[in-house]
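Numbering (our numbering), first residue to last: 2 to 503.
Glycine residues also receive a C-beta, built at the ideal position from the N, C-alpha and C atoms.
Here's the structure we're looking at; comments come further down.
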Ligand code: ZN
């Protein structure tokens, strides 16, 4: 009898996972190559499937079976699968299907209005929508877990077991170390001309470069695909299908190359999850912060490594001699790494990037813990940019309207970017312990050793191990900002004390 229930439950879980995979495929298509006239019908199909999925996940017989099975003698894998789906059931069934549908519509509408508001530099256009989204998110968070503060609940949805009380001291320390360091760097006058990096670079050639970079880091083109989009993303459908989409900027090869490596890092994670986990719900990244740690590792730690570009710089010279034949390697590497406060998060350098995230974290925490008036947000945003980065947005589009996240209902997401950078630096230290010749591996273009290490210690487990369990298995007791700060100060201290002046 129990065996039959177990099989039925596993079949039900497989169906749930297939719905999720189809929805991920449709979302990839919507955001890349779906013809314009297909989008209305696509949205209807997505909505139907999402409703069906919700009904499967919140089916009461399914819940009863999960509870029954969890009282049985199970192996670790079975216990984790059933616990995961029971947790999903509890969270999803705390909100009515009508509420979910209504909120989906609200988010879709606000995202559309945000695009118009950004284009027209008009925050007032979405101010009331944003207020409503925040109120709904607060209400949902309370329903999902009344024992946590709403903002902690939102953080938990992306990074389990990480609360504001963990993040606050980490981010405070990063802020108080980075701001004076940034001011020090700012006073170094470099002799190197870096303006060439913004010269036109044909998009077709950027695509070839992107493919080359992905091949070199071990992205498996037989388990993925590369597309073009307006907002870069990776679609981890399952380990045999990890697609990515990149946005190219005609006059900035740096953005295209680094974004490709970033999305490539996400996809490497998905491609190397044990395929046996695919239809169980455990065949996904363990947390958003850890997902980001993998993309940031390939984008920033490898993709901004001097030795990495010694391999790939000749490609630029060969494919785009009009600009690169008179550029020296040092000039190129400095342009790639240059620290320059800007208003835009996605093109920020490594030193100012954490500050962009901290600004967003501080604002969303305020929004959910205190009574901050939404209409005051633009000024709060601008004042923080002035305080931390010493630059001030002059309009809403490059300030409060910059990112889509809040207008599409994603609160608690931003901290994962910086948690990812923190984890990436901790993982860099761990890999160097096992491979003290880490820099030489990069110089030799031996990325398979690095990828193998990641697969063995991180990727293969999917959700079988939590972020903390992964850290512990590498003899790291907990999340710490120390490795990140040491890495940044050493790398950029050297770059600015010697390199910039060469
Ligand atoms: Zn990412």
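So, is residue i buried or exposed, given that buried needs 16 or more other C-beta atoms within 10 angstroms?
i	result
residue 353	buried
residue 119	buried
residue 287	buried
residue 185	exposed
residue 110	exposed
residue 244	buried
residue 84	exposed
residue 190	exposed
residue 361	buried
residue 66	buried
residue 424	buried
residue 34	exposed
residue 251	exposed
residue 445	exposed
residue 494	exposed
residue 505	Since the displayed the chain opens at 2 and closes at 503, residue 505 lies outside it and no answer follows.
residue 192	exposed
residue 293	buried
residue 160	buried
residue 241	exposed
residue 395	exposed
residue 383	buried
residue 277	exposed
residue 261	buried
residue 1	No answer is possible for residue 1: it lies beyond the span of the chain, which begins at 2 and ends at 503.
residue 267	buried
residue 86	buried
residue 231	exposed
residue 297	buried
residue 98	exposed
residue 427	buried
residue 5	exposed
residue 2	exposed
residue 181	exposed
residue 49	exposed
residue 482	buried
residue 209	exposed
residue 62	exposed
residue 441	exposed
Name the DSSP bridge partner or partners of residue i?
i	result
residue 235	245
residue 229	247
Q) Any residues whose CB sits closer than 6 Å to a heavy atom of the ligand ZN? List them in chain order? A) 263, 267, 293 and 296
query = Are there three or more Cβ pairs, one per stretch, closer than 8 Å when the segment 263-275 is compared with the segment 397-410?
reply = no
> What runs of the alpha helix (DSSP H), each 4 residues or longer, lie entirely inside the segment 461-500?
Replying inline: 468-474 and 483-498
**Segments of 4+ residues assigned as alpha helix (DSSP H) that fall wholly inside the segment 118-174** = 125-145 and 151-159
Do the segment 341-349 and the segment 311-324 meet, that is, are 3 or more Cβ pairs less than 8 Å apart? no
Alpha helix (DSSP H) segments (min. 4 residues) lying fully within the segment 390-440 = 415-435
Hey, is the segment 27-46 in contact with the segment 96-108, meaning 3+ C-beta pairs nearer than 8 Å? no
Requested in this report: Evaluate the contact criterion for the segment 454-462 versus the segment 141-153: three or more CB pairs, one atom per stretch, below 8 Å.
Outcome: no
Is the segment 485-497 touching the segment 171-180 in the sense that three or more CB pairs, one from each, lie closer than 8 Å?
yes
**Message:** Taking contact to mean 3 or more Cβ pairs, one atom from each stretch, closer than 8 Å, check whether the segment 459-478 and the segment 407-415 are in contact.
**Reply:** no
Exercise. Does the segment 58-72 come close enough to the segment 119-138 that 3 or more CB-CB pairs lie under 8 Å?
Worked result: no
* Asked: Does the pairing of the segment 161-169 with the segment 207-220 give three or more beta-carbon distances under 8 Å?
  -> no
| Entirely enclosed alpha helix (DSSP H) segments - the segment 262-305, minimum 4 residues | 289-297
Assess, as a yes-or-no matter, whether the segment 85-97 is touched by the segment 364-378 under the definition of 3 or more beta carbon pairs within less than 8 Å.
no
Below 8 Å, can you find three or more Cβ-Cβ pairs linking the segment 329-341 to the segment 299-310? yes
- Task: Examine the Cβ distances between the segment 292-306 and the segment 418-436 and report whether three or more of them are shorter than 8 Å.
- Result: yes
- What are the start and end residues of each continuous alpha helix (DSSP H) run of 4 or more residues lying completely inside the segment 23-93, in chain order? 40-58 and 61-71
Quiz prompt | Segments assigned alpha helix (DSSP H), at least 4 residues, entirely inside the segment 324-385 | solution = 330-338 and 354-370
_Sufficient close CB pairs (3 or more, under 8 Å) joining the segment 133-140 to the segment 429-442_ = no
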